[in-house]
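These protein sequence lines map, in sequence, to chains A and B. So for the first sequence, the numbering used here puts the first residue at 1; every next one is plus one. So for the second sequence, the numbering used here puts the first residue at 196; every next one is plus one.
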Amino acid sequence: MEPVSLVSGRMAPLDRADVDTDQIIPKQFLKRIERTGYGPFLFFDWRQAPDFELNRPEFAGASVLVAGANFGCGSSREHATWALRDSGFAAVIAPSFGDIFRANCYKTGILAVYLPAGQVRHLIDLASEEPSAVIQVDLEAQEIRGEGFVYRFEIDPFVRECLLQGLDEIGLVERHGSAISDYESRRMGWLPAVR
Amino acid sequence: MPASPAAGTRTLAQKLWDSHVIPAAHRGEAEPDLLYVDLHLVHEVTSPQAFEGLRMAGRRVRRPDLTVATMDHNVPTRGGARAADELSRKQMEALAENCRREGIPLHQIGSRRQGIVHVIGPELGLTQPGMVIVCGDSHTSTHGAFGALAFGIGTSEVELVLATQCLPQRRPRDLAVNVEGSLPIGVTAKDIALGLIGKAGTSGGVGHLVEYRGEAVRDLSMEGRMTLCNMSIEWGAKAGMVAPDDTTFNYLERRPHAPKGPAWETALDYWRSLPTEPGHVFDEEIQLDAGSLVPFVTWGTNPGQVVPITGRVPAPGSDTDARALRYMDLSPGTAIADITIDRVFIGSCTNARLEDLRAAARVIQGRRVHPKVRALVVPGSTTVKRAAEDEGLDLVFKTAGFEWRSAGCSMCLGMNPDILAPGERCASTSNRNFEGRQGSGGRTHLMSPPMAAAAAVTGHLVDVRELV
């Protein structure tokens, strides 16, 4: 994975709570066997409405999505984070996330950052009123910076390290190969095996 | 900080966790626990990119013997594989090829044991107490009904588990849901789930391993416990589980992959050691009075937007509610029982097991599907379908005017041809009423199988207790 340390760009506000992954990418686009090319399907159904927020031309090219609480709840489909990435989003900010979605963001190299609801509200209002405003999501410093504000954020230190160094998590786990083999040799014999 | 637990006591979840952490002294301070996975379930939609990733990196599947695949998400429920669209067929072919190459057993479309991944695992006896089970599907929490730690993962994590049989994880907090008392007649496990989500909210479980406890949970069959655990993800929980007991053991005994002979006794001893120790104080607790529960129906576009069937469409309390009302084309104050429906779907990993079909059939027996309603039954697995046919349930459904289909996820998520048309309203036994979930523009009301059956015969949402 490519290392990720700083995302700098404009915001797109999505002032809705409980946005589920079915909305982020509807099921008809989960039939492809590729890992890329999902950009055109992001929020596909919502985008059919001309007044959908993200259809506004001033939000084209935004790289930070700012959304309401419980963003990415529901289905485990990683296609949702692939669609965000393929649409140019490198960071998502919300008061809270669905667990699986947040994990998928990190695997996709997207900075999923949670902030207190009041700070998210400020960012949504700022993006709506001043779409050209640029912010920095700085993983190294664990800060979100804009004109006149700095918001500190928390992130799992292991996730942070993996993202900053672009580490291959499979490779990391494989380093524990002998410990895994030891564990396997002690598993209870009656546990089911399918062959 | 919550009150400290009784000294030395552990929860079921803690025991499951501790027994699966790979000890490794050289792991860095900041690294999460490395959990060993006992069973990895795989399906056609979330696995192709994972297998491709392995191939590109020259890796192989570490434990094909602890991995099982099935085709469920996009399989047609009539007409076989040939009825599938080209992309779905390609996905099924990719799964078959990946399983062949890696030696992973596959229950493909048309085979005897094919079915929804969360129905066949338990049915085959692969899901057992004490195990860690993962799958690239959020409803993996279903398997927690057996006292297993089971949760959904994304495709990158599927690749990680295929390669290493392990998953780095931080331990979530423990949350007990105590459902005391007995369920009234006509109230099911689905109503516990919907009532709970209505109370706790769609993110009330985030960051928690949930243990469902109390008399009403103990009284549930394994099917009911699976329904309850299945819906854990709908309020954001990492996993949901029920302590194993005689109900669990009776269900498991003599299943194809259950331990046999002396191994069964050894396993029983172990399984009996798993329940949370008496006196333990959980990080958080939620109390639910079973006796006060009623049949619930969702009115909105998330499973927390739920009311008793005897209730009315609520006035919007938020922008989310207002948007949901517009999408659902409902006005505040409308009696729920006055809402007419176009479609009925009895199916999904939540409610398509034999017991669910029996409960629906009891309501339908001797009645006809309302002339304006199109109703569909999709058994959760080929095994469920066969068992239902052996007891004549298919005839009950068909005589009443239901379509009797083959196993798959079907209209729960509409990846196959079974979808709602825009504007159609459906009484559904599935788990998600999200916008467009069952078909773009479709409107979903979630409920129990008997409630969906009652809606099918009356043509509107109705209190099943009036029919029985």
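C-beta atoms are modelled at their ideal positions from N, C-alpha and C, and glycine is treated no differently.
Limits of the alpha helix (DSSP H) - the one that Ser364/B falls within
One-based indexing of the second sequence puts residue 364/B at position 169. Residue identity check: residue 364/B is Gln in the sequence provided, not Ser. Gln364/B -> not in any alpha helix (DSSP H); beta strand (DSSP E) instead, spanning Cys361 to Gln364.
Compare the C-beta of Pro645/B with all C-beta atoms of chain A and state if any pair is closer than 7 Å.
Here the question's residue 645/B lines up with position 450 in the second sequence. It does not; no Cβ of chain A falls within 7 Å.
C-beta atoms of Leu321/B and His452/B nearer than 7 Å:
For the purposes of this step, residue 321/B is taken as the residue at position 126 of the second sequence. For the purposes of this step, residue 452/B is taken as the residue at position 257 of the second sequence. The answer is yes: Cβ separation under 7 Å.
Ordered along the chain, which non-local residues of its own chain (more than five positions away) have a Cβ less than 8 Å from that of Val150/A?
The residue you call residue 150/A lines up with position 150 of the first sequence. In chain order, Glu143 and Ile144 place their CB closer than 8 Å to the CB of Val150/A, counting only its own chain and leaving out the 5 sequence neighbours on each side.
Spell out whether any CB of chain A is found under 7 Å from the CB atom of Pro200/B.
Translated into the one-based positions of the second sequence, residue 200/B becomes position 5. Legend: pLDDT at Pro200/B = 49, less than 50; position of this residue unreliable, no value from coordinates given.
C-beta atoms of Lys31/A and Leu282/B nearer than 7 Å:
Within the first sequence, the letter at position 31 stands for residue 31/A. Within the second sequence, the letter at position 87 stands for residue 282/B. The answer is yes: Cβ separation under 7 Å.
In whole angstroms, give me the CA-to-CA distance for Gln560/B and Ile541/B.
Against the second sequence, residue 560/B aligns to sequence position 365. Against the second sequence, residue 541/B aligns to sequence position 346. Taking the straight line from one Cα to the other gives about 15 Å.
Measuring CA to CA, which of Phe153/A, Gly9/A, Cys162/A and Ser63/A is closest to Glu147/A?
As a first step, residue 147/A is located in the first sequence; it is residue number 147 there, counting from the start. The shortest C-alpha separation from Glu147/A is found at Gly9/A.
Limits of the unbroken alpha helix (DSSP H) element including Tyr106/A:
Start at 1 with the first residue of the first sequence, and residue 106/A comes out as number 106. Tyr106/A -> alpha helix (DSSP H) spans Asp99 to Thr108.
Compute the Euclidean distance between the alpha carbons of Arg557/B and Arg538/B, then round it to the nearest angstrom.
By 1-based counting over the second sequence, the position of residue 557/B is 362. By 1-based counting over the second sequence, the position of residue 538/B is 343. Approximately 19 Å, taken between the alpha carbons.
Report the residues of the region 14-28 of chain A with a CB closer than 8 Å to any CB of chain B, ordered along the chain.
Asp15, Arg16, Ala17, Asp18, Asp20, Asp22, Gln23, Pro26, Lys27 and Gln28
Whole angstroms is fine: what's the gap from Gln209/B's alpha carbon to Ser468/B's?
Residue 209/B sits at position 14 when you count from the first residue of the second sequence. Residue 468/B sits at position 273 when you count from the first residue of the second sequence. About 12 Å.
Is there contact here, the region 380-400 of chain B with the region 491-502 of chain B, by at least three beta-carbon pairs under 8 Å?
yes
By the 10 Å Cβ neighbour count, where 16 or more other Cβ atoms means buried, how is Arg175/A classified, buried or exposed?
Counted from its first residue, the first sequence places residue 175/A at position 175. Exposed, because fewer than 16 other Cβ atoms sit within 10 Å of the Cβ of Arg175/A.
For the alpha helix (DSSP H) holding Gly419/B, just list the boundary residues, first then last.
As a working mapping, residue 419/B is identified with position 224 in the second sequence. Where Gly419/B is concerned, the enclosing alpha helix (DSSP H) stretches over Met417 to Asn425.
Residues that Phe144/A bridges to, as DSSP identifies them
Here residue 144/A refers to the residue found at position 144 of the first sequence. The amino acid at residue 144/A is misidentified as Phe; the sequence shows Ile. Val137/A and Tyr151/A, per the DSSP bridge assignment.
Short of 7 Å Cβ to Cβ, which residues in the region 603-631 of chain B face chain A?
Leu608, Gly609, Met610, Arg627, Phe629, Glu630 and Gly631
In chain order, which alpha helix (DSSP H) runs of at least 4 residues are fully inside the region 437-486 of chain B?
441-447 and 457-467
Measuring CB atoms only, is the region 507-516 of chain B touching the region 229-238 of chain B, in the sense that at least three cross pairs come out at less than 8 Å?
no
Just grab the DSSP bridge partners of Gly310/B for me.
Counting from one through the second sequence, the residue named residue 310/B turns up at place 115. Answer is Ser576/B.
So Ile531/B packs on Val502/B, CB below 8 Å; how close in whole Å?
Within the second sequence, residue 531/B is the residue found at index 336, counting from 1. Within the second sequence, residue 502/B is the residue found at index 307, counting from 1. That belief holds up - the Cβ atoms of Ile531/B and Val502/B are roughly 6 Å apart, short of 8 Å.
Please state the DSSP three-state secondary structure of Met196/B.
Residue 196/B sits at position 1 when you count from the first residue of the second sequence. For Met196/B, the predicted model reports a pLDDT of 41, less than 50, meaning its position is unreliable; a value from the coordinates is still stated below. Met196/B falls in the coil class under three-state DSSP.
Identify every residue that forms a DSSP beta bridge with Asp20/A.
Here residue 20/A refers to the residue found at position 20 of the first sequence. Bridge partners of Asp20/A: Cys73/A.
Nonlocal neighbours in the same chain, by C-beta distance under 7 Å from Val564/B, ignoring five residues either side:
Locating residue 564/B in the second sequence gives position 369, counting from the first residue. Hits under 7 Å: Ala570, Ala595, Gly596, Phe597, Ala651 and Val652.
Taking all protein chains shown into account, do 16 or more other C-beta atoms lie within 10 angstroms of the C-beta of Met251/B, making it buried, or fewer, making it exposed?
To locate residue 251/B, count along the second sequence from 1; it is residue 56. With fewer than 16 other Cβ atoms within 10 Å, it is exposed.
Whole angstroms is fine: what's the gap from Asp551/B's alpha carbon to Pro645/B's?
Translated into positions along the second sequence, residue 551/B becomes position 356. Translated into positions along the second sequence, residue 645/B becomes position 450. So the alpha carbons of these two residues sit roughly 8 Å apart.
So what's Ala83/A in DSSP terms, helix, strand or just coil?
On the first sequence, residue 83/A is found 83 positions in, with the first residue counted as 1. Correct three-state label for Ala83/A: helix.
The region 398-413 of chain B: which residues have C-beta closer than 8 Å to a C-beta of chain A, in chain order?
Ser398, Val401 and Gly402
Run through chain B and tell me which residues come within less than 9 Å of Val194/A, C-beta to C-beta.
As a working mapping, residue 194/A is identified with position 194 in the first sequence. By Cβ distance, chain B contributes Leu234, Pro259, Asp260, Leu261, Thr262, Val263, Ile299, Pro300, Leu319, Leu321 and His452.
Interfacial residues, the region 490-507 of chain B to chain A, with Cβ spacing under 7 Å
Asn497
If you drop the 5 nearest sequence neighbours on each side, which residues of the same chain put their C-beta closer than 6 Å to that of Gly339/B?
By 1-based counting over the second sequence, the position of residue 339/B is 144. Within the same chain, Gly339/B has close Cβ partners Ala345, Cys424, Ala434, Gly435 and Met436.
At the level of alpha carbons, what is the spacing between Cys621/B and His640/B?
Locating residue 621/B in the second sequence gives position 426, where the first residue counts as 1. Locating residue 640/B in the second sequence gives position 445, where the first residue counts as 1. C-alpha separation (whole angstroms): 6 Å.
Can you name, in chain order, every residue of its own chain whose Cβ lies under 7 Å from the Cβ of Ala127/A, other than the five neighbours on each side?
Locating residue 127/A in the first sequence gives position 127, where the first residue counts as 1. The residues are Met11, Ala12, Pro13, Val66 and Ala133.
Excluding the five sequence neighbours on either side, which residues of its own chain have a C-beta within less than 7 Å of the C-beta of Tyr38/A, listed in chain order?
Here the question's residue 38/A lines up with position 38 in the first sequence. The answer, listed in chain order, is Ile25, Phe29, His79, Trp82, Ala83 and Asp86.
Can you tell me where the beta strand (DSSP E) with Cys330/B in it begins and where it stops?
As a position in the second sequence, residue 330/B is number 135, starting the count at 1. Its beta strand (DSSP E) spans residues Val327 to Cys330.
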